Each structure stands twice: as structure tokens, then as C-alpha cells.
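A.B. asks: So the number in the working numbering is just where the residue sits in the sequence shown, counting from 1, plus 93. Positions of the beta carbon are idealized from the N, C-alpha and C atoms, including for glycine. It should be emphasised that the depicted structure is a prediction, and the values quoted were computed from it without experimental measurement.
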Amino acid sequence: MSRYFPEAEFRVSLHGIEVGTISCYASKSSFRFIDEYYWRVDRPVLGFWFENGMRRETSVKGQLVLPLWFSNLLPEGLLRTIVCAQHGLREENEPGILGALGDDLPGAVTVSRIGDPTPGSSDDAVRSGDFASSSADSLIRASIAGNVLKFSMKSCDQRLTLPGSGEYGDRIVKLPPPGEYDALVHNEFYVMSLAKACDIEVPDFDVVHRENVEIAPSDWVTQEEHAFSIARFDRSDQGRVHMEDFCQAGNLPGFQRSKYQSSVEYVMKVAYRNYDLLSLVECVRRTVFNMLCGNDDAHLKNWSLVYPDRRNGVLSPAYDLVCTAVYFDRPQDMALKLCGKEISADICLDDFRSIADMCRVEREVIEEAVRSMIAEYGEALDMVEVPTRLTSINVRGRSLDLRPWLRERYRRLSVSLLSERG
Numbered sequence: 094m095s096r097y098f099p100e101a102e103f104r105v106s107l108h109g110i111e112v113g114t115i116s117c118y119a120s121k122s123s124f125r126f127i128d129e130y131y132w133r134v135d136r137p138v139l140g141f142w143f144e145n146g147m148r149r150e151t152s153v154k155g156q157l158v159l160p161l162w163f164s165n166l167l168p169e170g171l172l173r174t175i176v177c178a179q180h181g182l183r184e185e186n187e188p189g190i191l192g193a194l195g196d197d198l199p200g201a202v203t204v205s206r207i208g209d210p211t212p213g214s215s216d217d218a219v220r221s222g223d224f225a226s227s228s229a230d231s232l233i234r235a236s237i238a239g240n241v242l243k244f245s246m247k248s249c250d251q252r253l254t255l256p257g258s259g260e261y262g263d264r265i266v267k268l269p270p271p272g273e274y275d276a277l278v279h280n281e282f283y284v285m286s287l288a289k290a291c292d293i294e295v296p297d298f299d300v301v302h303r304e305n306v307e308i309a310p311s312d313w314v315t316q317e318e319h320a321f322s323i324a325r326f327d328r329s330d331q332g333r334v335h336m337e338d339f340c341q342a343g344n345l346p347g348f349q350r351s352k353y354q355s356s357v358e359y360v361m362k363v364a365y366r367n368y369d370l371l372s373l374v375e376c377v378r379r380t381v382f383n384m385l386c387g388n389d390d391a392h393l394k395n396w397s398l399v400y401p402d403r404r405n406g407v408l409s410p411a412y413d414l415v416c417t418a419v420y421f422d423r424p425q426d427m428a429l430k431l432c433g434k435e436i437s438a439d440i441c442l443d444d445f446r447s448i449a450d451m452c453r454v455e456r457e458v459i460e461e462a463v464r465s466m467i468a469e470y471g472e473a474l475d476m477v478e479v480p481t482r483l484t485s486i487n488v489r490g491r492s493l494d495l496r497p498w499l500r501e502r503y504r505r506l507s508v509s510l511l512s513e514r515g
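1) Among the candidates SER409, GLN341, ALA391, ARG482, whose CA atom is the shortest distance from the CA of PHE141?
2) Using the Cα positions of VAL415 and GLU281, report the straight-line distance between them to the nearest angstrom.
3) Would you tell me roughly how many angstroms separate the C-alpha atoms of ASP209 and SER397, rounded to the nearest one?
4) On the three-pair Cβ rule with 8 Å, is the stretch 360-379 touching the stretch 310-329?
5) State yes or no: is the C-beta of CYS432 within less than 8 Å of the C-beta of LEU510?
6) Beta strand (DSSP E) containing VAL202: first to last residue?
7) State whether the stretch 230-245 contacts the stretch 266-274, with contact taken as three or more CB pairs (one from each stretch) at a distance under 8 Å.
8) What alpha helix (DSSP H) runs, 4 residues minimum, are completely inside the stretch 365-434?
9) Where are the beta strand (DSSP E) runs, 3 residues long or more, that stay fully inside the stretch 235-270, in chain order?
10) Distance, Cα to Cα, VAL381 vs MET466?
11) Please report the distance separating the alpha-carbon of VAL219 from that of LYS352.
12) What are the boundary residues of the alpha helix (DSSP H) that GLY189 is part of?
13) Our contact map puts SER409 next to MET476 with C-beta atoms below 8 Å; I'd like the distance itself, whole angstroms only.
14) Relative to the C-alpha of ARG498, which candidate in GLY490, SER485, VAL508 has its C-alpha closest?
15) For GLU260 and ASP389, I'd like the C-alpha separation in whole angstroms.
16) CYS291: buried (16+ other C-beta within 10 angstroms of its C-beta) or exposed?
17) When you compare each of GLY332, ILE459, ASP450 to SER372 by their alpha carbons, which one comes out closest?
18) By the 10 Å Cβ neighbour count, where 16 or more other Cβ atoms means buried, how is GLU375 classified, buried or exposed?
19) Between the stretch 182-198 and the stretch 145-159, can you find at least three pairs of beta-carbon atoms closer than 8 Å?
20) Could you compute how far the alpha carbon of SER228 sits from the alpha carbon of HIS180?
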């Protein structure tokens, strides 16, 4: 065993029910269900991949890594950097991060450390719970996946605060990023408003002024005055609602570029799962919406299943809907390929028919989903008010009005998406 990586174990619970154990060794980590959970007929579902084949355990080779399903629970980007700095961990130390944030993870899963850290272990060691008694208001205790800096926060009297020890957030607050993504907060607000107008299920969302967001001033790194706030659909007045993203559903890596190494066909298969026609149709509608609005960041972690009854997964409300294509001068505007294509203008009705054939459902059902979304989106463009901030976006050094840009995109794609060409 490496002196830098002492053995550690974590207890995994779901809705307060113990389901298994993560064991971390020098050269691998593994997860195994306990017998009481595994043989329970009415057990709550931890994840689709585990149920699909009744897998008893999973493991991954390497130091300071976790089995993929659990690795996908961890934050990326700047939030990961901040968490590790606060908790005295290195960013590659996945078990340590999981332990530090294990009480407030996405969905209804919680993770707690079994035993104490090895005495004298270094910062590379698997550590958790060291900061549980900290009174620092700015200490981050919740894990939120994604690269954009975001926090799980509590809403109270129109203010948003970081949860204290034993408290949990009910909203996700995304801060405006620095760099080339001008007006991203208002961009997301507008595109989510378009989605809502198209009868796509979305959580409650809003734009909030920085004066109402209680975070460390150093975390607000731009001159923008507003953040994007959205309700957590995995939290409710009745407790936690379990969820998993589509990387977890397939036991796939989700870190950095890995979440783009898949296809729309895979997304459709997970949404359908051979029986869920409603989720499949909604998945088709959202895919068309993403193409029309220029959301070229609809990777696997931006699709999720929720388990409202703890047993049966359905497509979650939509989230992270942004017109990202406007910021880039490139033809590739799809995060995931469809029929091997990565340019929305190359997609036609036959490509969606191939989805119907793959899932063995009537083509007419899928065709109607495509046609209805195209019609509804056109109506939404006329109906939804555009924030003033989006009438002059700084895009690669020039000013751009988003609404006519989207109208021109719609004019082109509403024709090509319904064409018969292959």
C-alpha cells in the first residue's frame, strides 16, 4: 500500500437506507452493494446501470479515483478548485472530495466515512469530515456538477445564502463567468423562457442581483451585476428526490471532454429504456429545441433521470439551456453527434426516423414530435420578451443582437430539419 494513500471506506446510503460500501485501496477503488439492499424486492434504485444487469459491484483502477458512477457526483472546474482549497485536498483526490461533500450530493445519495483517517497522512490522503465543525459561513458543503461556477444555496426572504452545517440548498446559483461569454446569465434566462413557452418542463428560474447573493466577494469575478438562479428539482419540501445524469446512467466517464464522447442515439436509448415512450418523445423535442436555439453544450451531464417514486426513472426537467453557438465561429454546433453528424444544418427528418427505427416505435410519433417543436419554437420567438441585455452582446469584439440571430437560425433550420434528404 502506498504511504500517500491509506485504505479508506465509505458508507453509501440512499434516502437514508444503507445500500453499499466504497473501498479505496492503493491501486483501485470499488463499490459493492450490501446483501440487505441487494436482495430487497422493493429497494430504491441507485442507478440505471446497476439495475440493468443486476450488477453487484464495480471497480476502477488507479490512485485517488472513484468508481465512475460516484466520480460523476463531484464538481469540476473552479468550484472543484475552491472546494479543494477549503478542505485541504488536491483536485485529483476524488475520494477525499466525495468524503468532504458526501452529505449534500446530487440526488438522494449520501456518503459518510467509515473510521478515521490514518494518523500522519498527507494532503494526498483520503480525508473527509475534517471541516464538519467549521463555522465559516463560506465553507462549501454541497457538490454541484459542471464547469461553470455555481453554488447550492438556501433561499430566504429573497436572499440566497450558503447552507450552514446540517442545512441544504434549494436553489442552484450560477455566477456570471469571465471571458468571452458576455451576458450568459441573461442568455440562459431567455433560452429557458423559450423552453417554458414550448411546454418543456423546467424548474422555477430567475435572474438575481448580486446584492441578494451572499457569497465571498472574491468568488464574483466579473463586472456583471446578475446571477442565474434555478430551483433544484432533486430537492423538495418532502425531502430529496433521487437523480442521476446520463453519464451515471451508462457508467461512463463525465470529466472534462469525456461527456461529449457519445451520441444523441445513446441519449435516446437511456431516455426510452425500451418502455418509456413519453420520455423518448420529450427527448426528441428537446433535441430539436437545442438545435434551434443553438445550445451546442447539451452533453451527457446535461441530461438526467429522476426517480420521483424511488423506483422508476423518468426524464428530468430541462436545465442548462443556453444559446452557446452564438459565441463561437465554428460550423460544429452539436455537443453530441446524431447519425454521425455534428452540424445542425445537416440533420434532416430521416435522421429522426432512424431514432424511431432504433427504438422500434412508430415513425409518425417521432415525426410529430419534431414538427410540433419546430412550430412551437417559432411561436415562442414571437411571444417571449427578449432581455434588453441581449440586444447588444459582445461577441468576438463586435456587438450582436441575439433575437435576429436566433430568428435567422430558425428560418434556416426549420426548413432543413423537415427535409427528406439523407
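C.D. replies: This is what the structure gives:
1) If you number the sequence shown from 1, residue 141 lands on position 48. Relative to the Cα of PHE141, the nearest Cα in the group SER409, GLN341, ALA391, ARG482 belongs to GLN341.
2) Counting from one through the sequence shown, the residue named residue 415 turns up at place 322. Counting from one through the sequence shown, the residue named residue 281 turns up at place 188. Roughly 5 Å separates the two Cα atoms.
3) Numbered from its first residue, the sequence shown carries residue 209 at position 116. Numbered from its first residue, the sequence shown carries residue 397 at position 304. At ASP209 the pLDDT is 46, less than 50, meaning the model places this residue with poor confidence; the figure from the coordinates comes in the next sentence. Between the alpha carbons of ASP209 and SER397 lies a gap of roughly 34 Å.
4) Contact fails: fewer than three Cβ-Cβ distances are below 8 Å.
5) Sequence index remark: in the sequence shown, residue 432 carries index 339 (1-based). Sequence index remark: in the sequence shown, residue 510 carries index 417 (1-based). For CYS432 and LEU510, no; Cβs fall outside 8 Å.
6) Counting from one through the sequence shown, the residue named residue 202 turns up at place 109. Element bounds for VAL202: 202-207.
7) Verdict: yes, contact present.
8) Listed in chain order, they are 370-386.
9) Secondary structure within the stretch 235-270: the beta strand (DSSP E) runs of 3 or more consecutive residues, fully enclosed, are 243-249, 252-254, 264-267 (chain order).
10) Walking along the sequence shown from the start, residue 381 turns up at place 288. Walking along the sequence shown from the start, residue 466 turns up at place 373. Each residue's alpha carbon lies about 7 Å from the other.
11) Taking the sequence shown and counting its residues from 1, the one referred to as residue 219 is at position 126. Taking the sequence shown and counting its residues from 1, the one referred to as residue 352 is at position 259. With a pLDDT of 44 at VAL219, under the threshold of 50, the predicted position of this residue should be treated as unreliable, though the coordinate-derived value follows. Between VAL219 and LYS352, the C-alpha separation is close to 26 Å.
12) Residue numbering aside, residue 189 sits at position 96 when the sequence shown is read from its first letter. Segment 187-194, the alpha helix (DSSP H) holding GLY189.
13) Numbered from 1 along the sequence shown, position 316 holds the residue referred to as residue 409. Numbered from 1 along the sequence shown, position 383 holds the residue referred to as residue 476. Contact between SER409 and MET476 fails: their C-beta atoms lie close to 25 Å from each other, not under 8 Å.
14) Locating residue 498 in the sequence shown gives position 405, counting from the first residue. Checking the sequence shown, residue 498 turns out to be Trp, not Arg. Closest option to TRP498, Cα to Cα, is SER485.
15) Here the question's residue 260 lines up with position 167 in the sequence shown. Here the question's residue 389 lines up with position 296 in the sequence shown. Going by the C-alpha atoms only, they are around 35 Å apart.
16) Stepping through the sequence shown from its first residue, residue 291 is reached at position 198. Under this definition CYS291 is a buried residue.
17) Mapped onto the sequence shown, residue 372 falls at position 279. Ranking GLY332, ILE459, ASP450 by Cα distance to SER372 puts ILE459 first.
18) Sequence index remark: in the sequence shown, residue 375 carries index 282 (1-based). Buried, because 16 or more other Cβ atoms sit within 10 Å of the Cβ of GLU375.
19) Yes: at least three Cβ pairs fall under 8 Å.
20) On the sequence shown, position 135 is the one that residue 228 refers to. On the sequence shown, position 87 is the one that residue 180 refers to. Residue confidence is low: SER228 scores 40 on pLDDT, short of 50, so the model does not pin down where it sits. No coordinate-derived value is stated.
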